[in-house]
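Novice: Numbering (my numbering), first residue to last: 2 to 96.
For glycine and all other residues, C-beta sits at the position ideal for the given N, C-alpha and C.
This one's a predicted model, so the numbers in the text were calculated from it and none came from an experiment.
Sharing a structure here in structure tokens format.
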Amino acid sequence: MDHKDVAQRVIRGVGGEDNILAAAHCATRLRMVLKDSNNVDRELLDNDPDLKGTFETGGMFQVIVGPGDVDNVFREMDAATSKDIAVSTEQLKDV
2 MDHKDVAQRV
12 IRGVGGEDNI
22 LAAAHCATRL
32 RMVLKDSNNV
42 DRELLDNDPD
52 LKGTFETGGM
62 FQVIVGPGDV
72 DNVFREMDAA
82 TSKDIAVSTE
92 QLKDV
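Below, the structure written as structure tokens:
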């Protein structure tokens with residue numbers, strides 16, 4: 002898996018970096034608070050061969066990446082955005 006490429010596809014799929022208010026990750030998933038979930042291209046993300054699916058719950062949009070890759074994709078996403086999107090999973094609940 003090319004983590005940088007996957008990060009770019011996730012950013013594009015969630016509506017671009019301007020649509021991401023904050024992001025964190027757990028052991029398998031990217032968790033994001035988005036400005037507008039209507040800007041998400043779920044078909045693009047759900048059909049991506051490197052991703053295992055998406056869902057929205059508790060005000061967070063989540064992308065399943067998988068163990069061993071999610072932290073690297075997250076790091077590449079944070080590096081690729083011009084603003085600091087990274088927060089802890091606890092802070093994400095307060096965004």
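(1) On the DSSP bridge list, what partners appear for residue 74?
(2) So with Cβ pairs under 7 angstroms, would you call residue 46 a contact of chain C?
(3) Mind checking residue 56: buried by the 16 CB within 10 Å criterion, or exposed?
(4) Quick check: what's the CA-CA separation for residue 84 versus residue 23?
(5) List the endpoints of the continuous beta strand (DSSP E) containing residue 87.
(6) Name the residue from 81, 20, 33 whose alpha carbon lies nearest to the alpha carbon of residue 40.
Specialist: Answer, in terms of the structure:
(1) For the purposes of this step, residue 74 is taken as the residue at position 73 of the sequence shown. Paired residues: none, contrary to the question.
(2) No chain C appears in the structure shown, which is made up of a single protein chain.
(3) Working through the sequence shown from its first residue, we reach residue 56 at position 55. With fewer than 16 other Cβ atoms within 10 Å, it is exposed.
(4) Within the sequence shown, residue 84 is the residue found at index 83, counting from 1. Within the sequence shown, residue 23 is the residue found at index 22, counting from 1. So the alpha carbons of these two residues sit roughly 10 angstroms apart.
(5) Locating residue 87 in the sequence shown gives position 86, where the first residue counts as 1. It is not in any beta strand (DSSP E) - residue 87 carries neither H nor E in the DSSP assignment.
(6) Here residue 40 is taken as the residue at index 39 of the sequence shown, counted from 1. Looking at the Cα atoms, 20 is the closest of the given residues.
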